[in-house]
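Engineer:
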Amino acid sequence: MSHIRKKAAAVVSSALMVVVGMGAASAQAATDGDFTVQQSCPSSGKITGTHSCTTLSGGIIHHLKTLGQTGVNIQTRYEKNGSGSTITAKLGYVYSGSTYWGSSFTQSSNTTKTQNWLRSSWNTQCYTTTGLLSVTGQGQFQTPAASC
């Protein structure tokens, strides 16, 4: 009986690894102008420790971080779904009370906009950051914190 439980746990664990791996791969594949299949955002806002998200009525904000050879790569992305009109917005992140913004852009339905930053001063450490989306006339939205 114990052997069956262990085997079942291993199968479930393998299935979860595949699902999580697929989610991470599809998240990395997004580029400006491309619309990817929207991954639903869990109620906690945490996909992994390095990937957080927030679901809005018009789409999903993603915030991802990876520790690379030259520092920490930070990405904030907005996947706009089919509802609502074209927006003017900018993506950013917050670290230690300071806010960093990318350039302003316009975005129509069923597109993805991405902003990347490299923190080369974080060669061996990864600090907690929060992803931001500021939409003209609608306000500012954020993700839960993410770290590496």
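For the sequence shown, my numbering assigns the number 1378 to the initial residue and increments by one for each residue that follows.
Every residue gets a Cβ at the ideal spot worked out from N, C-alpha and C, and that includes glycine.
In this text the structure is predicted, and so the values were computed from the model without any measurement.
#1: Does Gln1492 come out as helix, strand or coil in the three-state DSSP assignment?
#2: Report buried or exposed for Ser1497, applying the criterion of at least 16 other Cβ atoms within 10 angstroms of its Cβ.
#3: Assign Trp1499 to one of three DSSP states: helix, strand, or coil.
#4: Buried or exposed: where does Ser1429 fall if 16 or more other Cβ atoms within 10 Å of its Cβ makes it buried?
#5: Roughly how many angstroms lie between the CA atoms of Leu1468 and Ser1460, to the nearest whole one?
#6: Alpha carbon to alpha carbon, what distance is there between Thr1447 and Thr1431?
#7: Just mark Gln1517 as buried or exposed, buried being the case when its beta carbon has 16 or more other beta carbons within 10 Å.
#8: Using 8 Å for Cβ pairs, my map puts Asn1450 next to Asn1487. What's the rounded Cβ distance?
#9: Does the beta-carbon of Ala1407 have 16 or more other beta-carbons within 10 angstroms, so that it is buried, or is it exposed?
#10: According to DSSP, is Cys1430 part of a helix, a strand, or is it coil?
#11: Straight-line CA distance for Val1512 to Leu1495?
#12: On a CA-only basis, which of Arg1454, Thr1453, Phe1482 is nearest Ile1464? Give me that one, please.
#13: What's the gap between the Cα of Tyr1455 and the Cα of Ile1437?
#14: State the Cα-Cα distance for the pair Gly1426 and Trp1499, rounded to the nearest angstrom.
Structural biologist: Let me spell this out:
#1: strand
#2: Counting the other CB atoms within 10 Å of its CB gives Ser1497 a total below 16, which places it among the exposed residues.
#3: Trp1499 sits in coil when the DSSP states are folded into three classes, being neither helix nor strand.
#4: Answer is buried; the Cβ neighbour count reaches 16.
#5: 19 Å
#6: 28 Å
#7: Gln1517 comes out exposed.
#8: Rounded, the Cβ-Cβ distance is 26 Å, inconsistent with contact.
#9: Model confidence at Ala1407 stands at a pLDDT of 38, short of 50, so the residue's coordinates are unreliable and nothing is read from them.
#10: strand
#11: Val1512 and Leu1495 have their alpha carbons spaced roughly 23 Å apart.
#12: Phe1482
#13: Their backbone Cα atoms lie some 6 Å apart in a straight line.
#14: 17 Å
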